[in-house]
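Quick notes on the structure that follows.
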Amino acid sequence: MCTCIRDLIKTLQTHYPLSGVPLFSMVGSGLVTLLMNIYARWMMPGDIGWRLSFVASEMLCVNGLAKAYLKGPRPYWMDDKIKTLDPTLETSYGFPSGHVMGLYVVWGILAWHVGGVFTFTLWAVMTILVAYSRVYTGAHFLHDVVGGCILGTVLLATDILNEHYVLKSGQRGSFIEATILITWALVAFTGVIKLAADINGRVKLAMVYEGVSGAGFSLGLAVSHLLEAFNPLDCVENPPMPLHLCLVGLITVVALDKAGKQLTEYEDGTRDMTSLALQALVYAALMVWSTYLWPRLVFQCSV
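What the sequence shown shows, in my numbering, is residues 9 to 311, in sequence order.
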């Protein structure tokens, strides 16, 4: 099967070159997913932003653990004739596809809340396009993108059930969700790092980054949930955040993201647990800032 897919990728890249296809990969990138979460929290009414952030944090942890445990190769690792056209230059393991899984769960939750045939059609079309681009660029095998959709479906179903049965219990539901997120953070932080211990070079660096970032985002969102439970934001149905304030908030988010990535730039593939914990805390701060502190400051609600 892998040989057939490798031959298919080479055929597509050689005989059907499409310069725009790799750009679809960017739609499922971590940066775009983060910006979607921020947009939903800052610009859309209700708790859509919370739901997107919750399922995205879970996705990061599950995806990182699955990759570190299964250690699935990427097509361009196995065949020198396959060109690496991936614009995001992913160097972690391949199964399941993080781009497809991320887009599938985040856009899926958005479609579930917004509703309508157009929204669900857009979700399906974008999933297919991103999945195709991940195979076309040589970043993934077909089973990688299918696996991303399957795991994404499980997370979507879990989150929808969570909304119906857990969140209805009010403050107690927030504590349950925070506990779930903290558990995922601990499992991702310790599990991915431990499973990546026998990996060398760039692959190990990428896997450790995925585990630490997933843990940090989950921990930060858990803190935001607890803060919101004790001191809820009264102006839920607020108007969209003014553009200039969005830009100020985004500058802070980008700065925190850059700071977190700087802590992963080491050459020998090793780093002590204290430094990794610090990096996770940076990402936790990014999530608390974007989901709780900045919206409250902008809409002049008490912190």
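Each residue gets a CB set at the ideal place from its N, CA and C atoms; glycine is no exception. From a predicted model like this one, the values you see are computed outputs, not experimental measurements.
- Here glycine 123 is exposed, its C-beta having fewer than 16 other C-beta atoms within 10 Å.
- Straight-line spacing of the CA atoms in methionine 51 and leucine 42 works out to 14 Å.
- In the three-state DSSP reduction, asparagine 239 falls in the coil class, being neither helix nor strand.
- In the pairwise beta carbon analysis, the stretch 229 to 236 is classified as not touching the stretch 73 to 85: fewer than three pairs are separated by under 8 Å.
- Burial state of phenylalanine 238 is exposed, judged by a 10 Å Cβ sphere holding fewer than 16 other Cβ atoms.
- Glycine 102 and alanine 230 have their C-alpha atoms some 28 Å from each other.
- Burial state of phenylalanine 149 is buried, judged by a 10 Å Cβ sphere holding 16 or more other Cβ atoms.
- DSSP, read as helix, strand or coil, puts histidine 121 in helix.
- A residue is called buried when at least 16 other Cβ atoms come within 10 angstroms of its Cβ; phenylalanine 126 does not meet this threshold and is exposed.
- Here proline 250 is exposed. Its C-beta has fewer than 16 other C-beta atoms within 10 Å.
- Contact between the stretch 63 to 80 and the stretch 128 to 137 is absent, with fewer than three C-beta pairs closer than 8 Å.
- Comparing alpha carbon positions, the residue from Ala288, Ser298, Tyr144 closest to valine 262 is Ser298.
- Under a 10 Å Cβ-count criterion, threonine 282 is classified as exposed, with fewer than 16 other Cβ atoms of the shown protein chains found around its own Cβ.
- Per DSSP, arginine 82 lies in no alpha helix (DSSP H) segment and is marked neither H nor E.
- From the listed residues Ala285, Leu253, Ala223, Ser37, the smallest Cα separation to methionine 295 is found for Ala223.
- Contact between glycine 228 and alanine 292 holds: their C-beta atoms lie close to 4 Å from each other, under 8 Å.
- Here DSSP, grouped into helix, strand and coil, assigns glutamate 98 to coil.
- With 16 or more other Cβ atoms inside 10 Å of its own Cβ, isoleucine 201 counts as buried.
- In the three-state reduction of the DSSP assignment, methionine 52 falls in the coil class, being assigned neither a helical nor a strand state.
- Across the set Asp152, Gly155, Trp302, the C-alpha of Trp302 shows the shortest separation from the C-alpha of threonine 260.
- Take the alpha-carbon of alanine 48 and the one of isoleucine 56: they are about 6 Å apart.
- In the DSSP assignment, proline 303 falls within the unbroken alpha helix (DSSP H) covering 302 to 306.
- By the C-beta criterion, the stretch 108 to 115 is judged not to be in contact with the stretch 181 to 188, since fewer than 3 inter-stretch pairs fall below 8 Å.
- Put simply, of Ile46, Val40, Leu118, Ile168 the residue whose alpha carbon is nearest the alpha carbon of cysteine 254 is Ile46.
- For leucine 163, the number of other beta carbons within 10 angstroms of its own is at least 16, and it is reported as buried.
- Excluding residues up to 5 positions away in sequence, Asn71 lie with their Cβ nearer than 6 Å to the Cβ of glycine 106 in the same chain.
- Rounded to the nearest whole angstrom, the CA to CA distance from leucine 213 to serine 100 is 8 Å.
- Alanine 285 counts as exposed, since fewer than 16 other C-beta atoms from the protein chains shown sit within 10 angstroms of its C-beta.
- Here isoleucine 188 is buried: its Cβ has 16 or more other Cβ atoms, across all protein chains shown, within 10 Å.
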